[in-house]
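Numbers 15 to 260, taken from the working numbering, label the letters of the sequence shown in order. Even for Gly, the Cβ is constructed at its ideal location relative to N, Cα and C. These notes concern the structure reproduced below.
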Amino acid sequence: MDRLIYTAMSGAKHIMEQQATTSNNLANATTTGFRAQIDAFRAVPIVGDGLATRSFVVDATIGSNFAPGVTQQTGRPLDVAVQGDGWLTVQTNDGSEAYTRNGDLKASENGVLQTQNGQTVLGVDGPISIPPNLKVAVGSDGTVSSIDTTTSPSTVTILGTLKLVNPSTQNLVRGDDGLFRTKNGAPADADPNVKVQGGALEGSNVNVIDAMVNMIGLSRQFDLHMSMLKTAETTETTAEQLYTLS
Numbered sequence: 015m016d017r018l019i020y021t022a023m024s025g026a027k028h029i030m031e032q033q034a035t036t037s038n039n040l041a042n043a044t045t046t047g048f049r050a051q052i053d054a055f056r057a058v059p060i061v062g063d064g065l066a067t068r069s070f071v072v073d074a075t076i077g078s079n080f081a082p083g084v085t086q087q088t089g090r091p092l093d094v095a096v097q098g099d100g101w102l103t104v105q106t107n108d109g110s111e112a113y114t115r116n117g118d119l120k121a122s123e124n125g126v127l128q129t130q131n132g133q134t135v136l137g138v139d140g141p142i143s144i145p146p147n148l149k150v151a152v153g154s155d156g157t158v159s160s161i162d163t164t165t166s167p168s169t170v171t172i173l174g175t176l177k178l179v180n181p182s183t184q185n186l187v188r189g190d191d192g193l194f195r196t197k198n199g200a201p202a203d204a205d206p207n208v209k210v211q212g213g214a215l216e217g218s219n220v221n222v223i224d225a226m227v228n229m230i231g232l233s234r235q236f237d238l239h240m241s242m243l244k245t246a247e248t249t250e251t252t253a254e255q256l257y258t259l260s
């Protein structure tokens, strides 16, 4: 009887984890540059004397869907959408590098280029400073320039170049903060082949309909596992009653 209980309990536990992942995907369906999370599980038999018939469910892979989201024009100068493969580089609170597709950028109070979450956006030579009261443009190669229209002709000044990287997705892991990092923590090299589009943002790649259907399916699976536990309890109670009568 304990085999049924172990199987049902293990399955229900991981279904709840899948529901949490799906819920997180739905919550980020409108988050700029968000990459949907993917969970996969498999049954693993327990090795040991008298335990060969028992199995638990374990995480097989926990990854991300790296398919691109839809690019939308915004016309905002500091909005940046990475075209194709590639990532923007940001600096985390501990000073290390992390990578994101969220190109919703701004200038901080000190004039430093940042994400809306306050992470410093790194250029190939470090942080990029944005001067106040000047028009700013981002080129397809990540070059950030200021344009002073008060002079004749207008003066264009290169402020820096975004550090655009393209490490293998197999070498990337997602952190709890939603940012990606290399598995060994080493900074990725800048890739001149990565291009961006200024005045645009990439949307989330979460398929809302698929996520909702998946949530309904997981709910039904969870109910099934709970029914299995109830069946095990009923069967055990009946067996005890028969044993008492005998």
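Would you grab the beta carbon distance between residue i and residue j for me? Rounded to a whole angstrom, and I think it's under 8 angstroms.
| i | j | result |
| --- | --- | --- |
| LEU136 | VAL187 | That pair is no contact at about 19 angstroms. |
| PHE261 | ALA54 | Residue 261 falls outside the range modelled here, since the chain spans only 15 to 260, and no answer is possible. |
| ARG115 | ARG49 | 7 angstroms |
| GLY117 | GLU216 | 7 angstroms |
Among the options, which has the Cα closest to the Cα of residue i?
| i | options | result |
| --- | --- | --- |
| LYS120 | GLN128, THR114 and TYR113 | GLN128 |
| MET229 | MET30, SER78 and LEU178 | MET30 |
| VAL179 | THR165, VAL210, GLY192 and ASP162 | VAL210 |
| SER78 | ARG90, GLY47 and VAL61 | GLY47 |
| VAL58 | SER24, VAL170, PRO91 and GLY189 | SER24 |
Tell me whether residue i sits in a helix, a strand or coil according to DSSP, three-state version.
| i | result |
| --- | --- |
| ARG90 | coil |
| SER143 | strand |
| GLN255 | helix |
| GLN51 | strand |
| THR21 | helix |
| GLN33 | helix |
| THR248 | helix |
| LEU186 | strand |
| LYS149 | strand |
| GLN211 | strand |
| ARG234 | helix |
| LYS120 | strand |
| ASP99 | coil |
| SER8 | Lying before the first or after the last residue shown, residue 8 is absent from the chain, which here runs from 15 to 260. |
| ALA81 | coil |
| ALA112 | strand |
| VAL227 | helix |
| LEU243 | helix |
Might you give, ordered along the chain, the residues of its own chain that have their beta carbon closer than 6 angstroms to the beta carbon of residue i, omitting 5 neighbours on each side?
| i | result |
| --- | --- |
| ILE19 | ALA246 |
| PRO145 | SER160 |
| ASP99 | ASN180 |
With a CB to CB cut of under 8 angstroms and the five nearest residues on each side skipped, what residues in its chain are close to residue i?
| i | result |
| --- | --- |
| TYR113 | TRP101, LEU102, THR103, VAL104, VAL179, PRO181, LEU186, LEU193, PHE194, ARG195 and ALA202 |
| ASN38 | GLN51 |
Does the Cβ of residue i lie closer than 7 angstroms to at least one heavy atom of the ligand PLP?
| i | result |
| --- | --- |
| ARG90 | For the ligand PLP, the structure offers nothing, since it holds no ligand at all. |
Between which residues of its own chain and residue i is the CB-CB distance below 7 angstroms, once the five residues before and five after are set aside?
| i | result |
| --- | --- |
| SER143 | GLY125, VAL126 and LEU173 |
| GLN32 | ASP53 and LEU232 |
| GLY156 | THR175, LEU176, LEU178 and VAL210 |
| ASP162 | LEU148, SER168 and THR169 |
> With a cut-off of 8 angstroms, do at least 3 Cβ pairs link the stretch 213 to 225 to the stretch 32 to 43?
Replying inline: yes
>> Within 8 angstroms, do at least three Cβ pairs link the stretch 79 to 89 to the stretch 250 to 257?
In response: no
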